[in-house]
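K.L.:
Line by line, the protein sequences are chains A and B. So for the first sequence, the numbering used here puts the first residue at 1; every next one is plus one. So for the second sequence, the numbering used here puts the first residue at 1001; every next one is plus one. Note that CB positions come from ideal geometry on N, CA and C, so glycine has one too.
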Amino acid sequence: METINTDIAIVGAGGAGLRAAIAVAEANPALKIALISKVYPMRSHTVAAEGGAAGVIKDNDSFDNHFHDTVAGGDWLCDQDAVDLFIREAPRELTRIEHWGCPWSREPDGHVAVRPFGGMKVERTWYAADKTGFHLLHTLFQTSLKYPGIERFDEYYSTDLVVTDGRCQGVTAIEMRSGQVRFFRAKAVIIATGGAGRVFPFTTNGAIKTGDGMAMAFRAGIPLKDMEFVQYHPTGLPGTGILITEGSRGEGGILVNKDGYRYLQDYNLGPPDPWPRKKAMELGPRDRLSQAFWHEQQKGRTIKTDYGDVVHLDLRHLGEAKINERLPMVRELAQSYIGVDPVHEPIPVRPVVHYTMGGIDTDIDTATNVDGLFSAGECACVSINGANRLGSNSLTELLVFGARAGQGAAEYALRAGTGTDDRQALSIAGAAEDRVLELFRRNTGSESISGLRREMNDAMEAGAGIYRSEDSLQACTDKMQEIRERYKTIALHDKSNVFNTDLIEALELGSMIDVATAMACSALHRTESRGSHQRLDYPDRDDVAFLKHSLAQYSATDLPVIDYSAVTITRSQPAERVYGGDDK
Amino acid sequence: MSERTIELEILRYDPEQDDAPHLQTYTVPYHEDWVVLDAINYVKDELDRTLSYRWSCHMAVCGSCGMVINGEPTLSCHAFLRDYPDRIRIEPLQNFPIERDLVVVMDDFIDKLGSVKPYIVAKEEKAVDDGEYLQTPAELARFKSFTACINCLLCYSACPQYALNEAFVGPAALALAHRYNLDSRDAGRSVREDVVASNPGIWECSFVGACSEVCPKSVDPAAAIQQVKIASTGDYFLDFLMPWKQK
Chain A
1 METINTDIAI VGAGGAGLRA AIAVAEANPA LKIALISKVY PMRSHTVAAE GGAAGVIKDN
61 DSFDNHFHDT VAGGDWLCDQ DAVDLFIREA PRELTRIEHW GCPWSREPDG HVAVRPFGGM
121 KVERTWYAAD KTGFHLLHTL FQTSLKYPGI ERFDEYYSTD LVVTDGRCQG VTAIEMRSGQ
181 VRFFRAKAVI IATGGAGRVF PFTTNGAIKT GDGMAMAFRA GIPLKDMEFV QYHPTGLPGT
241 GILITEGSRG EGGILVNKDG YRYLQDYNLG PPDPWPRKKA MELGPRDRLS QAFWHEQQKG
301 RTIKTDYGDV VHLDLRHLGE AKINERLPMV RELAQSYIGV DPVHEPIPVR PVVHYTMGGI
361 DTDIDTATNV DGLFSAGECA CVSINGANRL GSNSLTELLV FGARAGQGAA EYALRAGTGT
421 DDRQALSIAG AAEDRVLELF RRNTGSESIS GLRREMNDAM EAGAGIYRSE DSLQACTDKM
481 QEIRERYKTI ALHDKSNVFN TDLIEALELG SMIDVATAMA CSALHRTESR GSHQRLDYPD
541 RDDVAFLKHS LAQYSATDLP VIDYSAVTIT RSQPAERVYG GDDK
Chain B
1001 MSERTIELEI LRYDPEQDDA PHLQTYTVPY HEDWVVLDAI NYVKDELDRT LSYRWSCHMA
1061 VCGSCGMVIN GEPTLSCHAF LRDYPDRIRI EPLQNFPIER DLVVVMDDFI DKLGSVKPYI
1121 VAKEEKAVDD GEYLQTPAEL ARFKSFTACI NCLLCYSACP QYALNEAFVG PAALALAHRY
1181 NLDSRDAGRS VREDVVASNP GIWECSFVGA CSEVCPKSVD PAAAIQQVKI ASTGDYFLDF
1241 LMPWKQK
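1) Can you look up Met214 of chain A in the DSSP assignment and give me helix, strand or coil?
2) Closer than 7 Å by beta-carbon distance: list the chain B residues that pair up with Ser336 of chain A, in chain order.
3) Tell me the residue span of the alpha helix (DSSP H) that contains Met176 of chain A.
4) Using a Cβ-Cβ cutoff of less than 6 Å, which residues in the same chain neighbour Thr46 of chain A once the five nearest sequence positions on both sides are dropped?
5) For the alpha helix (DSSP H) holding Ser336 of chain A, just list the boundary residues, first then last.
6) Which bits of chain A does Glu1099 of chain B rub up against, with CB to CB less than 8 Å?
7) Pop quiz: Val11 of chain A and Ile222 of chain A are said to be a contact at Cβ under 8 Å. What is the actual Cβ separation, rounded to whole angstroms?
8) Under DSSP, the beta strand (DSSP E) around Pro1029 of chain B begins and ends at which residues?
9) What whole-angstrom Cβ distance do Leu224 of chain A and Gly359 of chain A have, given they're in contact under 8 Å?
10) Quick one: which residues of the region 1046-1058 of chain B get their C-beta closer than 9 Å to a C-beta of chain A? List them in chain order.
11) Where does the unbroken beta strand (DSSP E) through Asn5 of chain A begin, and where does it stop?
12) Run through DSSP, which three-state label would Glu1139 of chain B get?
13) Taking the alpha helix (DSSP H) that Leu585 of chain A belongs to, which residues open and close that run?
14) In the DSSP assignment, what are the bridge partners of Ser37 of chain A?
15) What number of angstroms, rounded off, separates the C-alpha of Asn268 of chain A from the C-alpha of Pro539 of chain A?
16) Applying the criterion that 16 or more other CB atoms from any shown protein chain within 10 Å of the CB defines a buried residue, is Lys304 of chain A buried or exposed?
17) Would Gln169 of chain A pass as an interface residue toward chain B - the criterion being a Cβ-Cβ separation below 9 Å?
18) Anything in chain A within Cβ reach of Asp1183 of chain B, meaning under 9 Å, just list it in chain order.
19) What residue range does the alpha helix (DSSP H) around Gly250 of chain A cover?
20) Can you name the residues that DSSP bridges to Ile303 of chain A?
21) Mind pulling the chain B residues with CB within less than 8 Å of Ile208 of chain A?
22) For the alpha helix (DSSP H) holding Phe440 of chain A, just list the boundary residues, first then last.
23) Closest Cβ-Cβ distance between Ser1064 of chain B and chain A: below 9 Å?
24) Look at the Cβ atom of Pro1160 of chain B, then the Cβ atom of Pro1221 of chain B, and state whether they are nearer than 9 Å.
25) Excluding the 5 residues preceding and the 5 following Asp7 of chain A in the sequence, name in chain order all residues of the same chain whose CB lies nearer than 6 Å to its CB.
26) Can you grab the Cα-Cα spacing for the pair Phe1179 of chain B / Arg1004 of chain B, in whole Å?
27) Against chain A, does Glu1213 of chain B count as a neighbour if the rule is that its beta carbon must be under 9 Å from one of theirs?
28) Can you tell me which of A:Phe184, A:Arg124, A:Asp160, A:Arg316 puts its alpha carbon nearest to the alpha carbon of Glu151 of chain A?
29) With distances taken from CA atoms, which of A:Asp542, A:Ala82, A:Glu485, A:Ile569 is nearest Thr557 of chain A?
30) Is the Cβ of Leu1011 of chain B closer than 9 Å to any Cβ of chain A?
31) Excluding sequence positions up to five away, which residues of its chain have a Cβ less than 6 Å from the Cβ of Gly585 of chain A?
32) With which residues is Val1103 of chain B paired in a DSSP beta bridge?
33) Compare the C-beta of Pro1021 of chain B against all C-beta atoms of chain A and say whether one is closer than 9 Å.
34) Do the region 1202-1216 of chain B and the region 1064-1082 of chain B meet, that is, are 3 or more Cβ pairs less than 8 Å apart?
35) Determine which residues share a DSSP beta bridge with Cys381 of chain A and list them.
36) When you compare the CB of Thr662 of chain A with every CB in chain B, is at least one pair closer than 9 Å?
So this is what it looks like as C-alpha cells:
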C-alpha cells in the first residue's frame, strides 16, 4: 500500500473542509495539507444550502440577540461557551468571505443586506439571493486554489482513521480512479464530511450525505454526541425532497392547510397578523413548524398527493419582481420539479429530513478525545445547535469552526510532530486495506445493497421520525440490529478497480447503518421531549434528567452504549421557549 | 407488466475489460415526473450494479451529473423523461477521456479552472475588522450572472473550439476569469490577462455560442468570451498608444 506523507489530512472538501484547509495554509504556508474528498469540492453538499448565513452586523442587532435566539432555538441543549464564541466570530468570518469575493446581496448603499429567518428576534441572515451555500462553496474552493500548500485528492473515499494509543496518525482512503487504497500518514486529521440525511428515505440531502466521517470516528472510538436530534425542515418539495428555503418565509411567504387557513396560529406561534413578524408564525423555529404539520396531518387538514400529504407555501403576494430578485432558485425548482410557478400558485411542501444536529463529539476547539483528531461542520457536534438548529447558523458554523479546526490542527501538528509508532500505524492501515479488499473480492453474498438500504430508510422513517415512542424506537433499533447482521453478507457485483460505485455504495451503506443505529439508540434512551426529539410517551422536557448531551459509544458486536455529559450553561438558564412575536 | 416502459441505451466502458465503449440497453418503467437520472438510478438499484456515473444533489446545483442525452449535453437530474422519446441514448460528456461508463476524466478542466486565477486579487489587503467592501447592487449586477457557473462541463462538451484545440482554456474558465475581472473588489485583471489573452483558443472562438445554449444556469460564457476579447483588444491598443501606462 502506498503511503502519502502529509502534515494535515482533511477528510471532506465542502465548506468546513475548505475553510479548514485555508486556515492551515494561512497559519503556516510550510505545512503540507492533503484535502481528501469522495467528490470534487464543488459537488459537496454545502452547494445546496439556499437561504443564508447568520452573523450580527446591523446596528439594530446585538451579540446578545444572536446568543439568545440560538440557545432558545436549541432548547437549551447548546453549550453556551461555544455559542458565545460562535456568535462573536460569525461577523468576522462572513466579512472574510466577503473579502474573498462572495457575491453577497447588497443594500442600495453597498453594504451587505440581511434577511429574517425562523426563530430570529432581528434579521441577521446574510444571503446571496437564494444560492448562498453555492456561492459560499465556490468562493472557498476558488480561493483555496491560491495556496500551494493545499494538495487535493479529489474522488478519494476515506475508509478508516488510523489511531494508535490515543493518537491519530492518519487516514486510509480508496483512490476511486484506480481502486487502490492509500495511507495518508498525517500529524493531524480533520474530519469535515457533513451530515447523514441519507439514512432517511425523504431528505434534502444529496446522495453523498451518508455520514462516512461520523461512522469512521465512531468506529475509531470517538463518541457520537446528541445523535437523536435530527432536523426536519418544514418545507421540502413532495417526491424529491428538494429544499424550499426558509428565506421564502423570511421574505413573507405563508403556510396554509387544505382550508387555506394559516394553521400555525393553533400551535402557539400566532397571532397571524401583522405579518411578517419576527419569531412568529411562519418565522417560528423549524422543529415547531414540522411538528405542527404532523398535528395538522393527524387532524386531516393537510392535502393528499401521490407523494404524501402536503400543505401550501404561498408566495404569490410577494409579486413576480421580488420573487425573481430574492428567490430565483425557488421559482426555478418549483417550476421544473413539480410544475408550479410560485408567482401564480402556492407551492406544495412537506417536512423533510434536513440536518443532523448531533455528530462527532468535540470540544470548543474542535478537538476530539483522540489526540491530533479534529472535526468541524455538520459531522461534528460542538455543540452550538443543541436540540434544534436555528436556520442560517450552519453555514456560519462551518466557517467559524472550520477555521478553528484548521488553526487547531496546524498548531497541534507543529507541536506534536509525527507519531512515533510507525509499525503499529502501518499495521492498522493494512488491516483497513484488507477489509476493503475482502469486500471487493467477495464472491458470495446474498444481501443487496439497494434492498438493505431501503429497509434501513423505511425503519428510520417509521421509527425515528418527527414523533417517536418507546415502541417505535424499540422496533427501529431491533431492525437496525438485524440489518447490521445482514450487512455482513452483502453482495458485490462490480469487480472493476476503476470508479467502482458498487463498492463505494457498499461502504457508504456500512457508514449509514452505524450512524442510524446511533440515532435510534440515543433516541430510545432519551425519555423526554426536547427540540427536534419529540416522544409521544414523554411529551415534556425533563431538565432534571436530560439537560445533558448523549454520547453513543461504538461496539463492534452490540448496540452502542449510551452515556451522558454535562451541558455548559453560562448565562441563560433553561426556560420556556416562547414564540409568537416580541409582544408575547 | 402492462405499464409503460422505456429503453435506455447507455454507453458502457470499463478500461480493465473493454477495448472500446459499447452501448447496453436497459428497460425501465416510465414515470411522468422522473428525470433521466431517476431512470439511471433504477438501473443501478434494480438491474445492474456495475454501472458507474456521478450524481449527488438531484436539484441541478452540484454539477455532477452532466451527460450527453440523445446527443445533447444535459444535466441528467434536470432532463425529464416526458420530454424524450421512449428510447433514450445516454453517453458521457464529449471532449473528455472516458474514465468508466458515464464518468469522464476532468483533470484538464480542473487545471484550466485554476489557471485563470479565479479568486480576488486585492489592490491592498483589507483587514477583516475594517468591515466589508462596499459594492452597490449595480456593481454586483455587472458580474453576477457569471458567478452562477456550477462547473458541470456541459459547455466543454458542446464547444467546437475545445474539440479541435485542447489548449483552449474553454468557456467556463474564461467566464470565471471575466467574473473576477468585473468584480469591483478585484484588481487582478492584468495577472489573469497573461493566461486569458494569450490563450490560443480565445481568438479562434467563433460566435457559435454552443456553450451558452447548453448552459443550465444561463451563465452565457459566449458573451463573457466576446467581452474578454474586446477588453483585451483595448489593452493592446492602450499599450501601443501609451506604453508608459502601468497595467
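P.N.:
Taking the geometry as given:
1) Here Met214 of chain A sits in helix by DSSP.
2) His1078
3) It is not in any alpha helix (DSSP H) - Met176 of chain A carries neither H nor E in the DSSP assignment.
4) Gly14, Gly15, Gly133, Leu137
5) 328-338
6) Arg177, Val498, Phe499
7) Wrong, their Cβ atoms sit about 13 Å apart, outside the cutoff.
8) First-last of the beta strand (DSSP E) with Pro1029 of chain B: 1022-1029.
9) 7 Å
10) Glu1046, Asp1048, Arg1049, Thr1050, Leu1051, Ser1052, Tyr1053, Arg1054, Trp1055, Ser1056, Cys1057, His1058
11) 2-5
12) helix
13) Because chain A is modelled from 1 through 584, residue 585 of chain A falls outside the range shown and cannot be assessed.
14) A:Asp154
15) 16 Å
16) exposed
17) Closer than 9 Å: no.
18) In chain order: Gly101, Pro103.
19) Segment 247-250, the alpha helix (DSSP H) holding Gly250 of chain A.
20) Its beta-bridge partners are A:Val310.
21) Ser1056
22) Run containing Phe440 of chain A: 422-441, per the alpha helix (DSSP H) assignment.
23) For Ser1064 of chain B, at least one C-beta of chain A is nearer than 9 Å to its own C-beta.
24) no
25) Leu31, Lys32, Lys187, Ala413
26) Note on identity: in this sequence residue 1179 of chain B is Arg, with Phe being the wrong assignment. Using only the alpha carbons, I get a separation of about 46 Å.
27) no
28) A:Phe184
29) A:Glu485
30) no
31) Summary: the structure shown does not reach residue 585 of chain A, with chain A confined to residues 1 through 584, and so no result is reported for it.
32) B:Arg1100
33) No, Pro1021 of chain B lies away from the interface with chain A (no Cβ there is under 9 Å from its Cβ).
34) yes
35) A:Asp361
36) It is not possible to answer for residue 662 of chain A, since the shown part of chain A is limited to 1 through 584.
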